[in-house]
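Using the working numbering, the letters of the sequence shown correspond one by one to residues 1 to 920. As structure tokens, the structure follows; a few thoughts come after it.
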Amino acid sequence: MDKGPQWDVTFDALQDAVMVLDPEGCILSCNRAAQEMFGVREDALGRPCWEVIHKSTKPVRDCPTVCAKRSLTRERREFRMGSRWFLADSHPLLDEEGRLTGIIHVVSDITEKKETEEAFRRSEERFRQAMEAARDGIWEWDVRTGKVYYSPAYAQMLGYEVSEFGDVVGAWIEHVHPEDRERALEVNRRCIENEVPHFEVEFRMRTKHGDWKWILGRGKAVKRDADGTALVMIGTHTDITQLKLSQEKLLVQSWIGAALATITRMEEGLGLILDAVVHVTGLDCGAVFFLKEEPERLVMIHQVGLPAPVAQAMQSPDGVRAMCRLVQAGGACYAAHERLDVPGAGVAQAEGLQAAAVVPIRYEHRVVGCLYVASRSGTDISRENQRFLESVAAQMGNAYGRVEARRRLDESLKQYRTLFEVAGDAFFVVRRADGCIMDANQAASKLLEIARGELIGRPWTHLWAGDQRLEEWVRNLESAEASGPIFVQARLTTRSGEAVPVEISASPFDLNGHRVIYISARDIRERLRAERERRALEEQLRQAQKMESVGRLAGGIAHDFNNLLTPILGYAEMLTSVVQEAELCTTYARSIRDAALKAKDLIGKLLAFSRRQVLDMRPVDLRAALEDLQAMLRRTIRENIEIQMSLPQEPVVVKADVRQMEQVLVNLVVNAQDAMPSGGTLAVQLESREFLEESEIPAPDLAPGRYAVLTVADTGTGMDRRTLERIFEPFFTTKAEGKGTGLGLSTVYGIVEQHEGRILATSIPGMGSAFEIYLPQLEGTAAYREPDDAESPPVVRGKGETILLVEDDDMVRELTYSMLQSLGYHVLEAASPSHALQRVEALREPPAALLTDMVLPEMTGKDLFGILRKKWPELKVLYMSGYPEKIEAGEAPDRGGLAFLPKPFSMAQLSRKLAAVLEG
Numbered sequence: 001m002d003k004g005p006q007w008d009v010t011f012d013a014l015q016d017a018v019m020v021l022d023p024e025g026c027i028l029s030c031n032r033a034a035q036e037m038f039g040v041r042e043d044a045l046g047r048p049c050w051e052v053i054h055k056s057t058k059p060v061r062d063c064p065t066v067c068a069k070r071s072l073t074r075e076r077r078e079f080r081m082g083s084r085w086f087l088a089d090s091h092p093l094l095d096e097e098g099r100l101t102g103i104i105h106v107v108s109d110i111t112e113k114k115e116t117e118e119a120f121r122r123s124e125e126r127f128r129q130a131m132e133a134a135r136d137g138i139w140e141w142d143v144r145t146g147k148v149y150y151s152p153a154y155a156q157m158l159g160y161e162v163s164e165f166g167d168v169v170g171a172w173i174e175h176v177h178p179e180d181r182e183r184a185l186e187v188n189r190r191c192i193e194n195e196v197p198h199f200e201v202e203f204r205m206r207t208k209h210g211d212w213k214w215i216l217g218r219g220k221a222v223k224r225d226a227d228g229t230a231l232v233m234i235g236t237h238t239d240i241t242q243l244k245l246s247q248e249k250l251l252v253q254s255w256i257g258a259a260l261a262t263i264t265r266m267e268e269g270l271g272l273i274l275d276a277v278v279h280v281t282g283l284d285c286g287a288v289f290f291l292k293e294e295p296e297r298l299v300m301i302h303q304v305g306l307p308a309p310v311a312q313a314m315q316s317p318d319g320v321r322a323m324c325r326l327v328q329a330g331g332a333c334y335a336a337h338e339r340l341d342v343p344g345a346g347v348a349q350a351e352g353l354q355a356a357a358v359v360p361i362r363y364e365h366r367v368v369g370c371l372y373v374a375s376r377s378g379t380d381i382s383r384e385n386q387r388f389l390e391s392v393a394a395q396m397g398n399a400y401g402r403v404e405a406r407r408r409l410d411e412s413l414k415q416y417r418t419l420f421e422v423a424g425d426a427f428f429v430v431r432r433a434d435g436c437i438m439d440a441n442q443a444a445s446k447l448l449e450i451a452r453g454e455l456i457g458r459p460w461t462h463l464w465a466g467d468q469r470l471e472e473w474v475r476n477l478e479s480a481e482a483s484g485p486i487f488v489q490a491r492l493t494t495r496s497g498e499a500v501p502v503e504i505s506a507s508p509f510d511l512n513g514h515r516v517i518y519i520s521a522r523d524i525r526e527r528l529r530a531e532r533e534r535r536a537l538e539e540q541l542r543q544a545q546k547m548e549s550v551g552r553l554a555g556g557i558a559h560d561f562n563n564l565l566t567p568i569l570g571y572a573e574m575l576t577s578v579v580q581e582a583e584l585c586t587t588y589a590r591s592i593r594d595a596a597l598k599a600k601d602l603i604g605k606l607l608a609f610s611r612r613q614v615l616d617m618r619p620v621d622l623r624a625a626l627e628d629l630q631a632m633l634r635r636t637i638r639e640n641i642e643i644q645m646s647l648p649q650e651p652v653v654v655k656a657d658v659r660q661m662e663q664v665l666v667n668l669v670v671n672a673q674d675a676m677p678s679g680g681t682l683a684v685q686l687e688s689r690e691f692l693e694e695s696e697i698p699a700p701d702l703a704p705g706r707y708a709v710l711t712v713a714d715t716g717t718g719m720d721r722r723t724l725e726r727i728f729e730p731f732f733t734t735k736a737e738g739k740g741t742g743l744g745l746s747t748v749y750g751i752v753e754q755h756e757g758r759i760l761a762t763s764i765p766g767m768g769s770a771f772e773i774y775l776p777q778l779e780g781t782a783a784y785r786e787p788d789d790a791e792s793p794p795v796v797r798g799k800g801e802t803i804l805l806v807e808d809d810d811m812v813r814e815l816t817y818s819m820l821q822s823l824g825y826h827v828l829e830a831a832s833p834s835h836a837l838q839r840v841e842a843l844r845e846p847p848a849a850l851l852t853d854m855v856l857p858e859m860t861g862k863d864l865f866g867i868l869r870k871k872w873p874e875l876k877v878l879y880m881s882g883y884p885e886k887i888e889a890g891e892a893p894d895r896g897g898l899a900f901l902p903k904p905f906s907m908a909q910l911s912r913k914l915a916a917v918l919e920g
């Protein structure tokens, strides 16, 4: 090919890559664009084009050069190298005979064109997807011909196929709701006549199934004539039915909220609310249930459109239980009736109800009822309706909570008012602004002796009885809101002028927008009296505890002292009997014996005070005992003292130790005589009193019942309060030194307490004193008898019987051993239980009796007797003790128990007690 200079310039100016190839596809020449596009260098000449362009050793698939060589026609192919697109265009060169002489291969860069096409394709795809997603119906209206293009989505929106709907504007007009048709046509007319550039209008259209859908129509003119009249209109129709329903539901929901906010009982207004719910959801019937008192009692409050058989099934016992189970499960249920476990599901299906919903009504995480709705069309409840029903149920739950709170508040106010009126304390409601009484209860009126009507409006401070703390109390109230109620004791003035002590509690709070003070005033007159009595009782208890402590000390002293007196008294008695020929020795021995007897008597008083002496308790007629003592009392009392004795006609029987009761009376009478040095009157009175209530008994710690009351009163000098508080203390005396031991009244106190009685003392200085003794009275009668040992023989001798003597005190054991031998007994002595058990091991015959101390080392005398009795069941026992407290409860002689010999004892007492044991 002959090329001139002009050709080269033109060849290189081309923007596409141009290569001249031989018939085999090798490069003969190429322009500058080819060199730049594919990096062809001069050494590429003569090489196959696919090797230079594609870096391949063989032609690529569908290579246009190869195809053009084969077809001898023009071949075009698009290919991609890296990120760029190219168009290869191969033109075969033929000679006059049609033989291939070469190929012109042109390659164009079409990347920009391909990207533009791809962007357009994506845009079209997005538009298609958007239209499908929006489900908008598209229309194009040729106004001149009346022909309309309706898109497939348009027809489907109304339930039609495109072929069914038609292609004229009349198809649209006849589907528009008659109430909306004129309005819809008018906006279209205004746009056609160029009064508005575009329009929007809402209207309803009938679907193929006969129901109505709300449509939002938008449109504009895309072609007008010279006068501006629209020739072609395009637009969209959007289904806004759900939006309109949602808006209606929001309005209904707002109305429901307002309606529920005004009800005071859940039964009120639910009919209208349920009507609105059924209407706006497009369902057919519904009911509202609430749980009542019992957990299993679900009550239908209201129903709308519910078939009677379904309502009956739901309210049957089985239906109520099934509904309760479903509701208590807690979650909402939406399903077709055949899958929904609700009461009357089968009946509902028979009545044509296909789908139902049961939505729990909750309050504070607790199910309190449920909302039931059902539909005759479809087999499920739409998600939109589900959300609406759950929202309404939540509103009902909130209303339930408010109604319940109101009900509880009303009940609380009613209870408060009842308590306010019936409370024993006085209550006032006082306005803080002026301090006037706004309300007061009946107790306040009664306390102040002022009618409630007169109290209302009266300043609260006018009721105070001139208390100087009022001003400070009022100041404290100002800070009471931060620190809590204010408490104060004060006095309130009654109508009669009495200043009543009260305990006041005051708390400020708001009442219906008014700042008020709630005040309670408690009458504390009785409490103050009780406190005074309590302090008096505490003082009595303190005295009793003090005397108890001294009593323990006295008992301890008595134990050791008795052990010392026993040999003194015993040896003195024995000495008297063996020295009859020596008159002076006899006198000394009797003096020793008399001193020991006085010491014994002192110990008896200590034991009486400490309530540890052993008593011979038996039914005693006090009236008979006092009659027998009258003569002795008259011999004892000075002649300038008049004795007045008042005794009942009937017997007064108590359980007592006669000797001890005589001692009580003698001590009281002697004290009375000492209190009347110039003479006076001594009154002794015995009576029977019955107390039905504990509060009636003057003496403390006594149970209700009948009591014998012995009173000893004098007209002597009397005692002051401080003396009266100490009269029962041991060794306390008001007599001159050497005139008294101070044990007289303490002995009386101990004897009375040991008889389970109480003694009270009253006195007025200058007027005299009185002592009252309360003893539990027995039913029936009893004969008064002198003690049995008054006429007993002085000594009873033994007959050589063997006596096992066990005593740990050496002096007492030696004396007792000597006494027993003198009385004619054979004696085995032991200093301890273990020693005694050793002594009897070798005995062939059992001893006649065991004479043992109660308190021994190793074990008690009772335990020792128990061991010996297992060996010798007929063995008898006589116990000794200088400390009677050691005798166990229930075994003391005064309780009909063991044979007992108190220390110190004489030979005569020992002989009589032992003889009685052996004879028994």
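Even for Gly, the Cβ is constructed at its ideal location relative to N, Cα and C. Given the structure is predicted, the values throughout are model-derived calculations rather than measurements.
Assigned secondary structure, residue i (DSSP; H/G/I helix, E/B strand, else coil)
{"i": "methionine 205", "result": "strand"}
{"i": "serine 382", "result": "coil"}
{"i": "tyrosine 784", "result": "Low local confidence applies: a pLDDT of 49 at tyrosine 784 is under 50, so the model's placement there is unreliable, with the coordinate-based value given in what follows. Here tyrosine 784 sits in coil by DSSP."}
{"i": "glutamate 696", "result": "helix"}
{"i": "histidine 514", "result": "strand"}
{"i": "valine 712", "result": "strand"}
{"i": "serine 254", "result": "helix"}
{"i": "glutamine 242", "result": "helix"}
{"i": "proline 846", "result": "coil"}
{"i": "glutamine 35", "result": "helix"}
{"i": "isoleucine 641", "result": "strand"}
{"i": "serine 316", "result": "coil"}
{"i": "arginine 84", "result": "strand"}
{"i": "proline 648", "result": "coil"}
{"i": "serine 29", "result": "strand"}
{"i": "tryptophan 141", "result": "strand"}
{"i": "arginine 618", "result": "strand"}
{"i": "isoleucine 53", "result": "helix"}
Residue i at chain D interface by Cβ criterion, 8 angstroms
{"i": "leucine 804", "result": "Of the protein chains in this structure there is only one, and it is not chain D."}
Rounded straight-line distance, which links the Cα of residue j to that of residue i
{"i": "isoleucine 517", "j": "asparagine 385", "result": "53 angstroms"}
{"i": "methionine 205", "j": "aspartate 136", "result": "14 angstroms"}
{"i": "leucine 828", "j": "methionine 811", "result": "16 angstroms"}
{"i": "glutamate 662", "j": "leucine 629", "result": "8 angstroms"}
{"i": "isoleucine 110", "j": "lysine 69", "result": "24 angstroms"}
{"i": "leucine 868", "j": "leucine 875", "result": "8 angstroms"}
{"i": "arginine 431", "j": "aspartate 275", "result": "49 angstroms"}
Within 8 angstroms, strictly: CB atoms of residue i and residue j
{"i": "leucine 622", "j": "leucine 760", "result": "no"}
{"i": "aspartate 808", "j": "proline 873", "result": "no"}
{"i": "glutamate 202", "j": "leucine 185", "result": "no"}
{"i": "arginine 297", "j": "valine 320", "result": "yes"}
{"i": "alanine 33", "j": "alanine 17", "result": "yes"}
{"i": "arginine 638", "j": "glutamine 673", "result": "yes"}
{"i": "glutamate 351", "j": "proline 307", "result": "yes"}
{"i": "alanine 355", "j": "alanine 374", "result": "yes"}
Where the beta strand (DSSP E) containing residue i begins and where it ends
{"i": "histidine 105", "result": "100–109"}
{"i": "histidine 175", "result": "Note, histidine 175: premise wrong, no beta strand (DSSP E); alpha helix (DSSP H) at 169–175."}
{"i": "phenylalanine 900", "result": "900–902"}
{"i": "methionine 854", "result": "Segment: none, methionine 854 is in no beta strand (DSSP E) and carries neither H nor E."}
For residue i, the first and last residue of its enclosing alpha helix (DSSP H)
{"i": "isoleucine 192", "result": "178–192"}
{"i": "glutamate 841", "result": "833–841"}
{"i": "tyrosine 154", "result": "152–157"}
Three CB pairs or more closer than 8 angstroms across the stretch 833–845 and the stretch 874–882:
They do not touch, by the three-pair rule.
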